[in-house]
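Down below is the structure, laid out as structure tokens.
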Amino acid sequence: MRRALFSVATLAAVLLSACTGSAATSAPTVGPSLAAPSAASSSAPASAAAPSTAPASADACASPQTLASGTLTIGADNPAYPPYYEPDASTAPDAKWQLGNPLNGQGFEDSVAYAIAKAMSFSQDKVAWVPVKFDNATAPGAKAFDVYLTQVSYTADRTKAVDLSDGYFNLNQAVVALKSNPISKVTTVAGLAAFKLGAPVGTTSYSYITDNIQPTKAPNAYNDLDGAVKALQAKQVDGIVVDLPTAFYMRDAQLTGGTIVGYLPTVGGSPEYFSVLLGKGSSLTLCVDQAIASIKADGTLDAITQKWIYDEGAPALK
Amino acid sequence: MIAVISTAVFVGIVGLVITSSPSWPLVQQDFFDAETFWRFLPVIARAFVLNIVLFLVVEVLVLTLGLVVAVVRNLPGPVFFPLRLLAVLFADVFRGVPSLLIIYVLGFGIPGLQLPGVPSEPFFWAAVSLTLVYTAYVSEVYRAGIESIHPSQAAAARSLGLSQVQALRFVVIPQAVRRVIPPLLNDFIGLQKDTVLVSYIGVVEAFRTANIEQQAHFNYTPYLALSVIFLVITLPLTRLTDYLVARDRRRLLAGAR
């Protein structure tokens, strides 16, 4: 008995001594700050430039070197999903494109892609589309496209393998619920506090609940998105907080009778954002950044975001 | 004395080998960060209250229901065959399926049916799942205890005029239960640890709290804090089990060596 107690004491001593004397951990570094789509970028060219004229502030971008000369080849994942790439309303899906058809110019990223192309002086008929799997696009190596737009989040890790442009869309947090739940009538962040909320762990969504919504009922946490969806269906929670693109996916693909209550305001720090992906060291990266700055400055990006994201059933929560 | 010295030397060598490894500073910062440890220990300890409540509720239910299942399984005669079969099936299924799967199926599945009057609280279904799983284990422990009592005991009780039920209640079960206390405690240590599984259906208890802090700070020290809390709770029970086994052995031997 005494020997056993001794061994326990030794174990505890080892654990505690291992803990002492280590340096204080510094806060995890955050990604570079970015210009939000709604904010005017400081690197934007003079806003006097009309949308139709190219912002040729750098010589290289006046006649950009593309894969196929004179044509901008844009890559997207296949199937490409709405609201990023909308399917054709009447005709059957193109044999090449299973769901969303990038050629029709309808959808959020589809519109952003054409707007960027236009800012780089490629007219609509000088744009070619190529389907590329997301994993292939983000992997190192030669690319079959000039630029790639399929909800690629900026991470410092990815920039080791590919080039990523400035952001064209901030991933705000959003609340998903069932239409039948009273939470779906809420229009303010403060109004959410009275409801039972849930979120997947390992995301900023959970800390958004505890830090910013501060609900009166303890929020639930889930290992993965599907757990959160199951809990919503089982009415164990009134609403779940996820980033906005995920919210669209949940509402349209995972839930029946689901709705997006609204998207939440960004609080502190820089949120994740979507970037245009290019091959590592591409000569076009600077030009794409300029193009994005230009469509931010002239309001084109705001109009596209309003039309394809916020008007698609994702109102702002005040 | 020799034991103390040899232990100290052993711990010293192991400690030296670990801390002299080139990546030790990194490991120390990720797993043994003092500041993180003391910052999150109280937070996790507060969340641990939920684990303790769950454990206590389930333990009481398991002790009762486990005995019922064990007795049903030992009922004599062909009349009780369906009940016996049910008890066997129950024990087989709930011992054979991983606890986590049962928690998932009951925790998300039954509330998903939206039956009127049936609670949907994940905590409730977590308690039901753990009760079912551990009742199955404990019923087998009880059964082993009951079967270890020699049939002559029951026969003697019957010959003294006790009914079948009385013989079971006053002669067989008291002896059986005393015999199985150590393995019962063993199962309860397992139950204490399994309370963290309820985090999988959304309950934010001690493990999930540690998990959230780990994800937020990219540091595993909160898990170390939780492990220490678990040791503080389970070690006394482990020692008690050892003590009871030793005492039982002394009694059985009754001084003989």
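Protein chains in written order, with the numbering used here: chain A, 4 to 321; chain B, 984 to 1240. Note that beta-carbon positions come from the ideal geometry of N, C-alpha and C, so glycine has one too. If you're wondering where the values come from, they're calculated on a predicted model, not measured in any experiment.
What does residue i reach in chain B if we use C-beta pairs closer than 7 angstroms?
i	result
A/SER210	ALA1199
A/ALA159	Per Cβ cutoff of 7 angstroms: no residues; A/ALA159 is ~14 angstroms from chain B at best.
Please look up how many angstroms separate the CB atoms of residue i and residue j, rounded, as I've assumed it's under 8 angstroms.
i	j	result
A/ASP169	A/SER285	That belief does not hold up - the Cβ atoms of A/ASP169 and A/SER285 are roughly 14 angstroms apart, past 8 angstroms.
A/PRO218	A/ALA250	No, A/PRO218 and A/ALA250 are not in contact; Cβ-Cβ is about 18 angstroms, not under 8 angstroms.
A/ILE295	A/SER114	13 angstroms between Cβ atoms; not a contact.
A/TYR88	A/ASN104	7 angstroms
B/ASP1016	B/THR1204	5 angstroms
A/ILE77	A/PHE148	6 angstroms
CB-CB under 6 angstroms to residue i, same chain, minus the five flanking residues each way: which ones, in chain order?
i	result
A/PRO35	Confidence is the limiting factor: at A/PRO35 the pLDDT is only 39, short of 50, which leaves the residue's position unreliable and the question unanswerable from this model.
B/TYR1117	VAL1045 and LEU1174
B/ALA1140	ALA1150 and VAL1154
B/ALA1159	GLY1128, ILE1129 and ILE1132
A/ALA49	Residue placement at A/ALA49 cannot be trusted, given a pLDDT of 39 that sits under 50; what the coordinates show is reported in the next sentence. Counting only Cβ-Cβ distances below 6 angstroms, and skipping sequence neighbours, we find nothing.
B/ALA1189	ILE1027, ALA1030, PHE1031, ASN1034 and LEU1209
A/GLY316	ILE263
A/TYR313	none
From this set, the options, which residue's C-alpha is nearest residue i's C-alpha?
i	options	result
A/ASN139	A/ASP314, A/THR303, A/LEU281 and A/TRP311	A/LEU281
A/PRO318	A/THR190, A/LEU152, A/LEU181 and A/PRO222	A/THR190
B/ARG1232	B/LEU1039, B/VAL1054 and B/PRO1165	B/PRO1165
A/ALA266	A/LEU247, A/ALA256 and A/PRO274	Before going further, note that residue 266 of chain A is Tyr rather than Ala in the sequence given. Minimum Cα distance to A/TYR266 is reached at A/LEU247.
A/ALA177	A/SER66, A/ILE263 and A/PRO86	A/ILE263
A/LEU258	A/GLY271, A/ILE243, A/THR269 and A/VAL232	A/VAL232
B/THR1217	B/ARG1234, B/GLY998, B/SER1112 and B/ASP1177	B/ASP1177
A/PRO268	A/LYS299, A/LEU228 and A/LEU320	A/LEU320
A/ALA300	A/GLU315, A/TYR171, A/VAL165 and A/THR141	A/TYR171
B/GLY1090	B/TYR1203, B/VAL1036 and B/PRO1102	B/PRO1102
A/ALA202	A/GLY242, A/PHE137 and A/ALA92	A/GLY242
A/THR207	A/ALA92, A/VAL245 and A/GLY261	A/VAL245
A/TYR157	A/ARG254, A/TYR276 and A/ILE298	A/TYR276
A/GLN154	A/TYR252, A/ASP305 and A/VAL270	A/TYR252
B/VAL1088	B/TRP1108, B/LEU1098 and B/PRO1099	B/TRP1108
A/ALA145	A/ASP166, A/GLN309, A/ALA256 and A/GLY73	A/ASP166
B/PRO1219	B/LEU1235, B/GLN1011 and B/LEU1168	B/LEU1168
B/PHE1023	B/VAL1211, B/LEU1223 and B/LEU1235	B/VAL1211
A/PRO82	A/SER297, A/LYS99, A/ALA92 and A/SER72	A/LYS99
Please confirm whether residue i and residue j have their CB atoms less than 8 angstroms apart.
i	j	result
B/ARG1056	B/VAL1076	no
B/ALA1053	B/TYR1120	no
A/LYS199	A/VAL240	yes
B/ILE1085	B/LEU1050	no
A/ASN184	B/GLY1185	no
B/GLY1095	A/GLN236	yes
A/ALA79	A/LEU152	yes
A/LEU70	A/VAL130	no
B/GLU1123	B/ALA1074	yes
A/TRP1	A/PRO134	Residue 1 of chain A falls outside the range modelled here, since chain A spans only 4 to 321, and no answer is possible.
B/SER1082	B/SER1112	yes
A/PRO90	A/LEU287	no
A/ILE186	A/ALA193	no
B/PHE1014	B/LEU1207	yes
A/VAL204	B/ASN1194	yes
A/LEU102	A/TRP132	no
A/VAL215	B/TYR1183	The displayed chain sequence assigns Asn, not Val, to residue 215 of chain A. Taking 8 angstroms as the Cβ cut-off, A/ASN215 and B/TYR1183 do not qualify as a contacting pair.
B/VAL1187	A/ALA221	yes
Could you list which residues in chain A have their beta carbon closer than 8 angstroms to that of residue i, in chain order?
i	result
B/PRO1094	ALA237, LYS238 and GLN239
B/ARG1191	VAL204 and ALA224
Show which residues of chain B have a CB atom less than 8 angstroms away from the CB atom of residue i.
i	result
A/ALA234	PHE1091, PRO1105, ILE1184 and GLY1185
A/GLY230	PHE1091, TYR1183, ILE1184 and GLY1185
A/GLY326	Examination of residue 326 of chain A is not possible in this model, given that chain A is present from 4 through 321 alone.
A/ALA338	The structure shown does not extend to residue 338 of chain A, since chain A is modelled only from 4 through 321, so no value can be given for it.
Can you pull the chain A neighbours of residue i, defined as C-beta to C-beta under 9 angstroms?
i	result
B/ILE1195	VAL204, GLY205, TYR209, SER210, THR213 and ALA224
In chain order, what residues of the same chain lie with their CB nearer than 7 angstroms to the CB of residue i, ignoring the 5 residues before and after it?
i	result
B/GLU1042	PHE1171 and LEU1174
A/PRO54	Since pLDDT at A/PRO54 reaches only 41, below the 50 mark, its modelled position is unreliable, and the value read off the structure follows with that caveat. Taken in chain order, the residues that qualify are ASP301 and THR303.
B/LEU1180	SER1082, LEU1083 and ILE1086
A/GLN309	none
B/PHE1020	THR1204, LEU1207 and ALA1208
Who are the Cβ neighbours of residue i in its own chain at under 8 angstroms, not counting the five residues just before and after it?
i	result
A/GLN127	GLY108, TYR117, ALA120 and LYS121
B/LEU983	Absent from the structure is residue 983 of chain B, since the part of chain B shown begins at 984 and ends at 1240.
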